[in-house]
Structures are given as C-alpha cells and as structure tokens.
Amino acid sequence: MSAVLSTSGVSVSFGAVRALSEVDLEVREGQLVGLIGPNGAGKTTFIDAVTGFVPARGDIRLRDRDISGLPPHRRARLGLGRTWQTIELFDDLSVRENLAVAAQRSTLASGLGEVFLGLWHGEEQVAEDALDLLDLRHDADRMPSELPQGRRKLVGVARALAARPRLLLLDEPAAGLDSHESAELGERLRRVVDAGLPALLVDHDMSLVLGICDYVYVLDFGKLIARGTPEEVRNDPEVRAAYLGGSTADMASTADMASTDMLVTMPGSEATER
Amino acid sequence: MVLSPIVAFALIGLGSGGLIAGIGLGVVLSYRGGGVINLSAGVLAMLSGFCYWALDTGYFGITFPTGWAITLTIVFALVVGVVFEFGVVRPLRGQPPLAKLTATLGFFVSAQAAVVLGFGEEARPQPPILPSGIVSILGYTVPVSSFWIAGIVLAVTLLFVGAFRWSRFGLGTRAAAENEAYATLYGLSPNGLSLANTLLMSLAMGLVGLLGASIAEVDSSTLPLMIVPALAAATFGSLNSFTVTYIAGMLIGMAESVLIFFSSQSWFPTNGIGNPLPGVQELMIFVVLVVAMFFRAGKIPGRGDIVERRLPPAPRPRAPLKAAMKWVPLCAFLMWALPFGFREGLITSLIAAVSLLSLVVITGFVGQLSIVQLALAGVAGFTVSHFFINFGIGFPWAAIIGVLLATVVGLISGFPALRVRGVSLVVLTLAAAVAIENFGFTNSTWGASVTGSLVPAPSLFGFNFGPNASFHGIDGAEPSPLFGWFCLVVLTVIALWVCNLRRSRLGQEMLAVRANERAAAASGVNVRNVKLIGFAIAAAIAGVSGVLLAYSYGSITADSYDTLVAISLIAFIYICGITTVPGAIQGGLIYTGGLLAYAILDWFGLQGNWLNLLVGFLVIASLVLRPEGGATYLFYRSKRPASEVTS
Amino acid sequence: MSETVLSVDELSAGYDQADVVRRLDLRVDVGEVVALFGPNGAGKTTTLRAISGIVKPSHGTIRYLGKDLSRLSPTVRARAGIAHVPEGRGIFFGLTVAEHMRLGYRGETVDPEQAYSYFPALAPLRDRRAGFLSGGEQQMLAVARNLVRRPRLLLLDELSLGLAPVLVEQLLPVVRQYALDNGCGVLLVEQHVQLAIEVADRCYVLSHGDVVLHETSERLRSDPDILVASYLGQRRRSGEEAAL
Ligand SMILES: Nc1ncnc2c1ncn2[C@@H]1O[C@H](COP(=O)(O)OP(=O)(O)OP(=O)(O)O)[C@@H](O)[C@H]1O
Ligand SMILES: Nc1ncnc2c1ncn2[C@@H]1O[C@H](COP(=O)(O)OP(=O)(O)O)[C@@H](O)[C@H]1O
Ligand SMILES: [Mg+2]
Ligand SMILES: [Mg+2]
Numbered sequence: 000m001s002a003v004l005s006t007s008g009v010s011v012s013f014g015a016v017r018a019l020s021e022v023d024l025e026v027r028e029g030q031l032v033g034l035i036g037p038n039g040a041g042k043t044t045f046i047d048a049v050t051g052f053v054p055a056r057g058d059i060r061l062r063d064r065d066i067s068g069l070p071p072h073r074r075a076r077l078g079l080g081r082t083w084q085t086i087e088l089f090d091d092l093s094v095r096e097n098l099a100v101a102a103q104r105s106t107l108a109s110g111l112g113e114v115f116l117g118l119w120h121g122e123e124q125v126a127e128d129a130l131d132l133l134d135l136r137h138d139a140d141r142m143p144s145e146l147p148q149g150r151r152k153l154v155g156v157a158r159a160l161a162a163r164p165r166l167l168l169l170d171e172p173a174a175g176l177d178s179h180e181s182a183e184l185g186e187r188l189r190r191v192v193d194a195g196l197p198a199l200l201v202d203h204d205m206s207l208v209l210g211i212c213d214y215v216y217v218l219d220f221g222k223l224i225a226r227g228t229p230e231e232v233r234n235d236p237e238v239r240a241a242y243l244g245g246s247t248a249d250m251a252s253t254a255d256m257a258s259t260d261m262l263v264t265m266p267g268s269e270a271t272e273r
Numbered sequence: 000m001v002l003s004p005i006v007a008f009a010l011i012g013l014g015s016g017g018l019i020a021g022i023g024l025g026v027v028l029s030y031r032g033g034g035v036i037n038l039s040a041g042v043l044a045m046l047s048g049f050c051y052w053a054l055d056t057g058y059f060g061i062t063f064p065t066g067w068a069i070t071l072t073i074v075f076a077l078v079v080g081v082v083f084e085f086g087v088v089r090p091l092r093g094q095p096p097l098a099k100l101t102a103t104l105g106f107f108v109s110a111q112a113a114v115v116l117g118f119g120e121e122a123r124p125q126p127p128i129l130p131s132g133i134v135s136i137l138g139y140t141v142p143v144s145s146f147w148i149a150g151i152v153l154a155v156t157l158l159f160v161g162a163f164r165w166s167r168f169g170l171g172t173r174a175a176a177e178n179e180a181y182a183t184l185y186g187l188s189p190n191g192l193s194l195a196n197t198l199l200m201s202l203a204m205g206l207v208g209l210l211g212a213s214i215a216e217v218d219s220s221t222l223p224l225m226i227v228p229a230l231a232a233a234t235f236g237s238l239n240s241f242t243v244t245y246i247a248g249m250l251i252g253m254a255e256s257v258l259i260f261f262s263s264q265s266w267f268p269t270n271g272i273g274n275p276l277p278g279v280q281e282l283m284i285f286v287v288l289v290v291a292m293f294f295r296a297g298k299i300p301g302r303g304d305i306v307e308r309r310l311p312p313a314p315r316p317r318a319p320l321k322a323a324m325k326w327v328p329l330c331a332f333l334m335w336a337l338p339f340g341f342r343e344g345l346i347t348s349l350i351a352a353v354s355l356l357s358l359v360v361i362t363g364f365v366g367q368l369s370i371v372q373l374a375l376a377g378v379a380g381f382t383v384s385h386f387f388i389n390f391g392i393g394f395p396w397a398a399i400i401g402v403l404l405a406t407v408v409g410l411i412s413g414f415p416a417l418r419v420r421g422v423s424l425v426v427l428t429l430a431a432a433v434a435i436e437n438f439g440f441t442n443s444t445w446g447a448s449v450t451g452s453l454v455p456a457p458s459l460f461g462f463n464f465g466p467n468a469s470f471h472g473i474d475g476a477e478p479s480p481l482f483g484w485f486c487l488v489v490l491t492v493i494a495l496w497v498c499n500l501r502r503s504r505l506g507q508e509m510l511a512v513r514a515n516e517r518a519a520a521a522s523g524v525n526v527r528n529v530k531l532i533g534f535a536i537a538a539a540i541a542g543v544s545g546v547l548l549a550y551s552y553g554s555i556t557a558d559s560y561d562t563l564v565a566i567s568l569i570a571f572i573y574i575c576g577i578t579t580v581p582g583a584i585q586g587g588l589i590y591t592g593g594l595l596a597y598a599i600l601d602w603f604g605l606q607g608n609w610l611n612l613l614v615g616f617l618v619i620a621s622l623v624l625r626p627e628g629g630a631t632y633l634f635y636r637s638k639r640p641a642s643e644v645t646s
Numbered sequence: 000m001s002e003t004v005l006s007v008d009e010l011s012a013g014y015d016q017a018d019v020v021r022r023l024d025l026r027v028d029v030g031e032v033v034a035l036f037g038p039n040g041a042g043k044t045t046t047l048r049a050i051s052g053i054v055k056p057s058h059g060t061i062r063y064l065g066k067d068l069s070r071l072s073p074t075v076r077a078r079a080g081i082a083h084v085p086e087g088r089g090i091f092f093g094l095t096v097a098e099h100m101r102l103g104y105r106g107e108t109v110d111p112e113q114a115y116s117y118f119p120a121l122a123p124l125r126d127r128r129a130g131f132l133s134g135g136e137q138q139m140l141a142v143a144r145n146l147v148r149r150p151r152l153l154l155l156d157e158l159s160l161g162l163a164p165v166l167v168e169q170l171l172p173v174v175r176q177y178a179l180d181n182g183c184g185v186l187l188v189e190q191h192v193q194l195a196i197e198v199a200d201r202c203y204v205l206s207h208g209d210v211v212l213h214e215t216s217e218r219l220r221s222d223p224d225i226l227v228a229s230y231l232g233q234r235r236r237s238g239e240e241a242a243l
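Line order of the protein sequences matches chains A, Y and E.
Residue 0 is where the first sequence starts when you use numbering that gives the first Met the number 0, and the numbers rise one by one after that.
Residue 0 is where the second sequence starts when you use numbering that gives the first Met the number 0, and the numbers rise one by one after that.
Residue 0 is where the third sequence starts when you use numbering that gives the first Met the number 0, and the numbers rise one by one after that.
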C-alpha cells in the first residue's frame, strides 16, 4: 500500500517554544490513523503544519508530491481536507452555504464568468451528500452559532468532506458528543475511510480512537513516543503513564466499550442504516 | 548650522504634536474601553474648548474667573462624556466596529453643527491658560506653551499607562472589550468599565480642548479634524499602546512643523506653478503607516488572534430583475417629470448609489473596511477632466481610461489589506484617502485648483447627453433628463451585476473570506486573490461613480471627493445596509444633496447646519434601532443573528 | 436535611424562536456533585446559561441559597458566588495565563499557586497568551481559574472537553473532593458518563429539553440498565420525530 501522507522530520517552533520536533508519520491508502497525546503535545500543531497554517521545517509529502512550500489553499486544492479544534465555521453563512463554499472550485476565469453570465446556481451534490452522511439535514438552513457545540464540530467535518479531499485530517471531531453519538460518528468515519478516503484522527475519546483506527501514533512534548496498532499502544506502559491513565485504558478496552457498543448496536445503527 | 532651524521648527511642533497625541490617547481609550473607533474625539475636545471660552469671556452673560472656568469646563467634559456613553457607546455595545464608527461620525456631525449654530463659524481667540512667553533657541523663537503641552500630555500618557498596566481596571477593561458575556461571568461589570473608560476619555479630551486654546484659537474644525493624524498616531500603537501613540503623535506634529519649514526652501519640489508641492506630509504618514502595519500582521490570522465582531449578514438577493422592472421605469418617468431641483437630487442619488455599491462589494461582501473608495472615484473623475484638457480626449475613451486607472489604484490600495485587517484597515485606507486627496487632487497639475477643473459633457457621435443637453424635462429646465437616464442605466446595470456577484461562486468565496480567513484558506479559497479581485471590482465601480459625478458637475474640485464626504458615505450606507444592493440604493436616496435631502430643503426649508444637526442625530438613532441596516431589515426581514454568547 | 444551594423550578428557557428547555426542575445541595447528561442539543448548555444569567428564562424560578435570582444580572450572580465555565471556555485570548489569575472584580483575590496546583501543566505556561494555548490547556485554565474563585455554586459545561483521559480521570475526584471541602454545589455537564457517575451524587438525563431521568449515582452504578433505558427512550423519541 502506498503512502498518501508521509512526513519526515517535521519540526515547529514558536519563538522559544518547541511545539514539534522531528515527527515522522505516515498515512496509507485505506487507513484510518489515530494521533493521540497529552494536552499541548503538538497534535493540532502537526495538523497546522501539514495544512500550511504554521511554518514548519521538514518534509511533507502528499502522494509523493512535496507540498511543504505551498500556501494553505493550494494544499487544500491538492486534496488536504481538515477540521479545526476551534471549529472555525463561516459564521455568517448557513450550514448549507458553509458546505457549498468548500464544495466549489472556482478559478479566476470561471468566477468572473459566472458573475457576468450567471451560470452557477449553487446546487452542489457533494454538499448534500455530506449533509446526509452526518445527519445534518435538519440543521442545513440554520446558522452555525445557533447549533450546540457538538453539532458545530460535525458541520466542520461535513464541510471538509464536501471539498472531496483525498486525505482527511480531523481535530477532535467528537468533542462535545456523548459516548454513543461519538461511537456513531466513528462508525460513519470508518465507512468513509473504507470507501477510499484515508484519514488522520486526533481525539481524546479513547473508545473512539482505539476502537476504529488501524494504526495509532502517540505524541508527547512534540515527539513521537509510540506507534502501533491500537492494542499495542494501549498496552504501552509509557503511553499509559503519560496519557491514558490506569483505569481509562482498562475501561476503554472493557467496560466503556461494552456499554457504548450496546448503545450503538441497539438504537444508533438503526438510525444510520435508514 | 543647517540643523538649527530644523530643531527649532521641530520644537515649535511640540505644541500641535501634543494635541495630536492627546486626541490619539482619546482614540486609544475609546477603542480599548469599548472597541469604538472614536472619530469624535477631536470634537469632544473642541466642545470643551468652546465651553471654556464662553465661560471665561462671558459669552453667556456671566464671566467666570479662570480657575472656575477650568473647573466648570472639566465638569462639562464629564457631562458630555456621560451623554456620549449613554447615547452612543452603550446602545451600540456588541455591534460591529463599523456601526460604532458610524455612530461617532453621527455625533461628530451633530456636535459640530450645534457649535456652529451656537457660536458661529469664525474662530474665537481664546484667553490662554498656559504661560504665553517665548524662549529663544538657536536664534529662533519658540513659544513656551509648546513645552507645557508636550509635558502635560506626557504626564497624562504615563498616568494611563500606569492605570492600565498595574490596576485591575486595565485588565478588566481588556477582558470586557474582548468578550463581554464572559467578563460578566467573572463578576466584572462591562457597563461600569465602559462608563469609566468613556469618562476618562472625555476628561482627557476636555484637557486637550483647554490646552488647544493656548496655541490656537478655538473654532469648529481645527480640533475635530486633528482626528486624522491622531488616528494615524493611535494606529502606530495598534490602537492599544498609549506610549507609542504619544510618541507617534509628537513625531507627526513635529514633522508637520518641519515640513512647513522645508516647503519654504528653494529645493522643495513645487507643483509646476511655483507653489510647494502639497500633500507631502499626508503621503509620508500613509507610507510610514503601511510599512509599520504590513510587517506586524501575518498573511492569514494565526491561532488565538482575536477576531472582530462580524458585519450584518449578507442575504442573497431575491428576484432582482423583477424589482428592477418595477423601479426603473418609475425612476425614468420621475426623471422627466420632476422639477429641476428634485431632478438634480435624483441624479445625485443615483450617482451616490453607484459609489455606495462599491462599498457593498468591498465591505459588505469581502469584509474589508475601506474609506479609500471615494478617492478612487476622484482618480477617475480627474482623469476624465485632464484627458480632455491635456489631450482633448472625451467620452467614452476618457471615461474608460479613468475607470481603468481607478481600478489599478484600487488594486494597489488592496495590497496592504492582505495583511492588515479590521479597524486598522479603516485607518490605513483613511490615510490613503487623505494622501490621495492632498497629494493628488489639490495639486493643480494633476488635480484642480480651488476654481475647479473643467469636465466636458459626455457625447457620443456628436450626440450630447450631458446635464446640459438640449432635451429638457417637463419643466423645461436643466439638468437634462437624458443625463439622468444615462445614470439610471449605469446604476441598474451595476446593481444587477452586484446582485449576480452575490449569487456567484466568487461572491460566496468573498463571504467566506469575510467570515473566516483561516477556514476559507483551508477550504481551498485563495484568500489573497479574492481580496484583490474584490478591491479591483469595488474600485472599478467607484471609478464609474467618479466619472458620473464629474460629468454631472461639469467641473470638479478636490472637495467633490473629500475625505469627510467619503466617511459620510460610509455612514449613509451603513445605516441603510452595507451588505445589500437595496441598502446602497436607499443610501443614495437619503444621501446629502440627494432626493430626500432636497425634498426636506424644499418642503421644510431645513438646510446647512440644522440639517446636519438632524442627520447626525438620525444616524445614531437609526443605528440604535436597526443596527443591521434599514434595507436589510425591510427587504430581508430574517431571524435576528444569534446572540453573542455562543461565539 | 442538607442545605440547598440551587433549586430550579419549572424552568423554561430558549432563544429567539422557541424554548429549548421546558419546565425543568433541578436541585443542587451544599457539597453535592450533580451531573447533567444528555445528547447534543438536549439543552444542557442552555440550562447552565439560564442559571448564570446569560440567557433569560421565559418561565420558572431559579433560587440560589434561598434567594430568587430572576432580577439579578449575570455580574451580580457571579459576585454572589456562582461560577460558570461556559461552552467555549470563557477565557480571554488577549490575556496571559497569569493575567487571568489577577482578573476579577473589586475585593476578589485568588491564589494563583493554588490554581497551578490543580493543573501543574499550567505553571510553566503562565506568561503565555491564552489564545496561544492548546485546546486542552485552555480548558485547564478555565477550570482552574473558576476553582480558585471559591464559589458556592460551580457550573461546569463539558468539564472534560478536550482534556487527556489521564487528566479527566484525576480531575473528577478532585472536583468531588473540592465540593466536600468547600461546601460548594457542583453542577456538571459531562460526556464521560461512566467516569462521572463514579463521582457524582445524583444525575439528571436531559433529552429534548425534558428531564427523562433523575436518579442517584449509586443506583446507576449498581444498575447500568436504567441509564441505557433512558437513552433508549430518547432515541425512540427522536426516531418518532424524524418519522413525522
Ligand atoms: N502561536 C503559538 N505561540 C506560542 N505557543 C504556541 C503557539 N501555538 C501553540 N503553542 C504551544 O504549542 C504546544 C502544542 O500545542 P497544540 O495545540 O498542538 O497541542 P495539542 O496536542 O493539540 O493539545 P490539545 O490536546 O490540548 O489540543 C502547546 O503547549 C501550545 O501552548
Ligand atoms: N444561540 C442560540 N440561538 C438559537 N438556538 C440555539 C442557540 N444555542 C443553542 N440553541 C439551540 O438550543 C438547543 C439546545 O442547545 P444546547 O443547550 O447548546 O444543547 P447541549 O448543551 O445540551 O448540547 C439546540 O437545539 C440548539 O440548536
Ligand atoms: Mg489540539
Ligand atoms: Mg452544550
């Protein structure tokens, strides 16, 4: 399997603060890769570096193409879709328009052409599909600021999907969702990935990350401290000490998983299969 | 030896530098306290100046001793502060910066008109408060009061620095200015903090008013207009630092004074007819401002950058063609049927609406607060005039070249906006407008002398359709309805086109940039191009309005494209709805000299300062009642925007 | 009977269009930790906003230490000892961590060292602007700042949002102990249901603005089916609504 995203030696500093050092990470075709780590470890900074929002040193390749020098919008057009931990929606556009902005691809010529000739009518099928996938149809005409936090996050995911990315970078998409909403999201993400869109997932919900990812990287103080399958990472003593904590790790594998599974299999999946 | 006059002139400039710095402090206080770009800081100072003059000279019948007059003036300044707080600042808390700026402009206009009505236009020699002696330095005489002013304002600056750095009041103010709802959760009282800041500001402005008297006379425009350099000074300090504002204000004052000396020297560039080149100082301020601000901000806002409150929503136009079919014939008929005064008003309204559409595009859609638009109109207008005078080129080529030139200048003026955002951009474009006006338009080689520069009537294939065309309205008088119809066609085309723009992908990208630059970039939007295209489009529209304006006057002067007029354009469009096409058209109708203004003059005989007094008041009232703008309210009565607690 | 810090009767609250919380009854006693669960959009945030005063209730009364709050502004409520960590965290991007500790109304002083003792990771960040902090660090700041205020009533919206699991696991018992030590009532919105019922005294489950379950944590711990059933109930309801 070929690598969709591969970084080597990515480092980021903010003045004296070294937020990332020498991170090598790879996301392959068909993979859902998790990135976890304590608060302030540099996960968001890593996504920012890959998408071009902070200056970074090191090599960043998207399908073997070096993208490290490109501005953010060029990287987005090459197929990097992302969501934000801080949500960052277009606050004065409705949910549907938020998606439409991402779904469209206008060039200077097409943009001006439309303005003169009025060719475009704003119907974007991808955007509608993304709405359906995340169950946001009810909220499509509402303004983002009227939605509860968790749903705003989902709008962010839908917007990233609407842009037809070739790699999805998700920053805490499940924050603000309750455990079975989060499990439901996980299931949908898994389907998206299985349908051919690789993704990198950052989240603190361990039943989500360890439950659905194929491979997990662990950051601490800007450095990778572990990598492996969810099972390997869960049992890594260093990761337990720095991040998982004793009981969470156990619970993630047993109790919590079991209870959320129960919640999901009964009512949740029914809703999604409809 | 060469240096000594420079030093002396610089020292003389300490006085006006102190006043600029003082007003700059007021600007900073208003901004820190309530996010208000306070255009009326200078007006507040002027009010106190007049109060002191009236009390001290017995204008109201009682003459007070100086000590008493000063005390009462301070009290008066505080009272004005309270009025300002409850009339302007508090009702508009939580509104976008542009709403607040517009309201302070309303206050500016009303207060200035009131002063002229009460005291007349002429300058009042004020009994000086400060020691009036002179000292001799390097053989030049320098008034002692300059040093006093510089010193007193410095003391006030240090006081503010201390108050904000070491007291909880300063911290609380910063917190409340960033997010009021959150501040209340900490037990802070945004109302109290805001009042305290406004009072502090008006106290400082009272002091400036008193001091101003010592170096100049009080009149209704000197101190109010010092707001322009004061804003520049405050912007050097990011509208945030008292110290930087003080230093910048002093330097501007001193540089001004030194330039006066330079311009009397033989090597100083002249404008061709022997007078020193005008506007060098304004150009200098602009350039330094651009350089200072450009390198301060990033291309795309970074993590944790505080985002300013957004503009009103920009709804999609509904059935614009249908609306056009209804209104255009009516307007065409009125153009022919109305008596000449009303016809003239209608034409003014149509032209104003075109220039307001340029603001709808750049501010309403792209979210860039720009004051430079009218100056761009001027670029086009003067081009039309000079192409005729110098090369004998008339319509349509001169008009086309004028619009193209305006577009180019507009595009250039858009470059700073790639990094400079929000209210800083207001100040930057204001500085640009002032520079273009003073450097370009008042220079009689490129612009016009006070008597004006001739503009030929537009004609195509020998067919004249200018205001002086032979076809007359029903009353048989000029201006010709032909010209009115021409303006109407131009406005209709542009208005429909802007509606189309809003609905196009490009329009949607503009709104995305307006809402969130980072997210727009992450969605593949080329933020830089969208901004630049927006500036170019807006400049072209402004250029068209400038050409029309030039044709309608037949002769133009720098006053036609004056910066104060430019700011008032913003006020008119904002209260009508800066995000919609109907807003621009309504704005045109109520615009100074437009149809409604003429009607008021004709029916009620209200004009000049009485009209200004009323307009200023109405601007504020309209903002308080309909902060999203009248047209937006009338045509798109949608849900109120969600409360600010969530954002 | 222990003293009641907060009692909410028949509270209805919402935004422009409609009430999103209807006829809600809720009580928090001194030293008690009460958890509020529910899916997204259930109205948890709105409830907390109504209590701290940023949203005006359309009906019902809110009593705090026996006093009716309806006429009091959010500022007054905060000064009377209600601390609210709102959705969005309620911190100021332009202020540094240390400045947050100095911020406050007249007469209020807090001990920064104590705040750092709750979250040692914050101590080295004290001179960093809050806007630069990572999401989790911001959450730590918001929680720490409100803990050191020594409130009588602490409203925590999504306490563990964005926090690493190991921290959540440590934090919940700290909040528990804090309530006991300070005689403070805590109303907690939390998504880690399993962890929260370990420390809470009582739990409410909210769905579509109604309380669908009110039970002691003890019972929920011994019989997890109750919670599952309440979630099932609300799922069915939303299913019905969608079918309509
Ligand atoms: N512009 C900046 N200036 C200074 N420090 C910064 C800046 N941006 C990030 N940091 C610091 O870099 C570190 C990494 O931040 P980052 O947001 O990547 O963490 P994270 O792993 O996403 O954490 P969390 O799980 O809490 O979201 C943090 O300590 C943060 O305070
Ligand atoms: N500012 C607002 N304007 C309009 N509706 C809102 C606003 N905030 C929340 N809502 C609506 O109120 C309901 C409850 O939201 P909220 O209290 O945030 O839920 P929770 O916190 O339980 O996730 C949701 O349907 C949401 O869309
Ligand atoms: Mg993060
Ligand atoms: Mg919530």
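Quick reminder that beta carbons are idealized off the backbone N, C-alpha and C, glycines included.
Just so we're clear, the structure is a prediction, and the values are computed from it rather than from any experiment.
| query | For asparagine 463 of chain Y, which beta-bridge partners are listed by DSSP? | reply | As a working mapping, residue 463 of chain Y is identified with position 464 in the second sequence. For asparagine 463 of chain Y, which the question treats as bridged, DSSP gives the partners Y:Ser458.
| task | Give a yes or no on whether the C-beta atoms belonging to glycine 205 of chain Y and serine 47 of chain Y are separated by under 8 Å. | result | As a working mapping, residue 205 of chain Y is identified with position 206 in the second sequence. As a working mapping, residue 47 of chain Y is identified with position 48 in the second sequence. Going by C-beta atoms, glycine 205 of chain Y is nearer than 8 Å to serine 47 of chain Y.
| task | Report yes if the CB atom of leucine 43 of chain Y is closer than 8 Å to the CB atom of serine 201 of chain Y, and no otherwise. | result | Within the second sequence, residue 43 of chain Y is the residue found at index 44, counting from 1. Within the second sequence, residue 201 of chain Y is the residue found at index 202, counting from 1. Contact: yes.
| request: Confirm the yes/no value for this check: CB of glycine 44 of chain E, any heavy atom of ligand 4, distance under 7 Å. | output: As a position in the third sequence, residue 44 of chain E is number 45, starting the count at 1. According to the sequence shown, residue 44 of chain E is threonine rather than glycine. For ligand 4, at least one heavy atom lies less than 7 Å from the Cβ of threonine 44 of chain E.
| Is it true that the CB of isoleucine 133 of chain Y sits closer than 8 Å to the CB of isoleucine 214 of chain Y? | The count along the second sequence starts at 1 and reaches residue 214 of chain Y at position 215. The count along the second sequence starts at 1 and reaches residue 133 of chain Y at position 134. Their beta carbons are not under 8 Å apart, which means isoleucine 214 of chain Y does not touch isoleucine 133 of chain Y by this criterion.
| query | Which class does lysine 222 of chain A belong to by DSSP, given the choice of helix, strand or coil? | reply | Numbered from 1 along the first sequence, position 223 holds the residue referred to as residue 222 of chain A. The answer is strand: DSSP assigns lysine 222 of chain A an E or B state.
| CA-to-CA distance, valine 87 of chain Y to glycine 93 of chain Y, given in whole angstroms | One-based indexing of the second sequence puts residue 93 of chain Y at position 94. One-based indexing of the second sequence puts residue 87 of chain Y at position 88. Between glycine 93 of chain Y and valine 87 of chain Y, the C-alpha separation is close to 12 Å.
| Inter-residue CB distance, methionine 324 of chain Y and valine 419 of chain Y (contact presumed, cutoff 8 Å) | Reading the second sequence from its first residue, position 325 is the one you call residue 324 of chain Y. Reading the second sequence from its first residue, position 420 is the one you call residue 419 of chain Y. About 42 Å separates the two Cβ atoms, so there is no contact after all.
| said: Determine whether the beta carbon atoms of leucine 152 of chain E and leucine 5 of chain E lie at a separation below 8 Å. | reply: Numbered from its first residue, the third sequence carries residue 152 of chain E at position 153. Numbered from its first residue, the third sequence carries residue 5 of chain E at position 6. Yes, the pair counts as a contact, with Cβ atoms nearer than the cut-off.
| request: Determine whether the Cβ of threonine 50 of chain A lies closer than 8 Å to any Cβ atom of chain E. | output: The sequence position of residue 50 of chain A within the first sequence is 51, counting from 1. It does not: the Cβ of threonine 50 of chain A has no partner Cβ on chain E nearer than 8 Å.
| request: Mind checking who phenylalanine 13 of chain A pairs with in its DSSP beta bridge? | output: For the purposes of this step, residue 13 of chain A is taken as the residue at position 14 of the first sequence. DSSP lists A:Val16 as partners of phenylalanine 13 of chain A.
| said: Please identify the residue among Y:Ala620, Y:Leu153, Y:Ile246, Y:Gly344 whose C-alpha is closest to the C-alpha of leucine 597 of chain Y. | reply: Position 598 of the second sequence, counted from the first residue, corresponds to residue 597 of chain Y. Reading off the sequence, residue 597 of chain Y comes out as tyrosine, not leucine. The option with the nearest alpha carbon to tyrosine 597 of chain Y is Y:Gly344.
| request: Sort out for me which residues DSSP pairs histidine 58 of chain E with in a bridge. | output: Locating residue 58 of chain E in the third sequence gives position 59, counting from the first residue. Answer by DSSP bridge pairing, in chain order: E:Ser11.
| Where does lysine 530 of chain Y sit, in a helix, a strand or coil, going by DSSP? | For the purposes of this step, residue 530 of chain Y is identified with residue 531 of the second sequence, where counting begins at 1. Here lysine 530 of chain Y sits in helix by DSSP.
| query | What residues of chain Y sit near alanine 77 of chain E, judged by a beta carbon separation below 7 Å? | reply | Translated into positions along the third sequence, residue 77 of chain E becomes position 78. In chain order: Thr183, Leu184, Tyr185, Gly186.
| request: Pick out the complete alpha helix (DSSP H) segments inside the stretch 492 to 532 of chain Y, 4 residues or longer, and give them in chain order. | output: 504 to 514, 516 to 521
| Quick one: is the Cβ of glutamine 30 of chain A within less than 7 Å of any heavy atom of ligand 3? | As a working note, residue 30 of chain A is residue 31 in the first sequence. Incorrect: glutamine 30 of chain A has no Cβ contact closer than 7 Å to ligand 3.
| request: Compare the C-alpha of alanine 157 of chain A against each of A:Glu145, A:Leu184, A:Arg73, A:Asp177 and name the closest. | output: Within the first sequence, the letter at position 158 stands for residue 157 of chain A. Comparing Cα positions, the closest option is A:Leu184.
| said: Give me the chain A residues within the contact set of glutamate 179 of chain Y, using Cβ-Cβ distance strictly less than 8 Å, ordered along the chain. | reply: Here residue 179 of chain Y corresponds to residue number 180 of the second sequence, with the count starting at 1. Ordered by position in chain A, no residue passes the 8 Å Cβ test against glutamate 179 of chain Y, which lies about 16 Å from the chain.
| query | Which class does proline 223 of chain E belong to by DSSP, given the choice of helix, strand or coil? | reply | For the purposes of this step, residue 223 of chain E is taken as the residue at position 224 of the third sequence. Correct three-state label for proline 223 of chain E: coil.
| query | Is it a yes or a no for the stretch 310 to 321 of chain Y touching the stretch 569 to 588 of chain Y, going by three-plus beta-carbon pairs under 8 Å? | reply | yes
| query | leucine 170 of chain Y touches chain E at which residues, Cβ-Cβ below 8 Å? | reply | Within the second sequence, the letter at position 171 stands for residue 170 of chain Y. The contacting residues are Leu94, Glu98, Arg101, Leu102.
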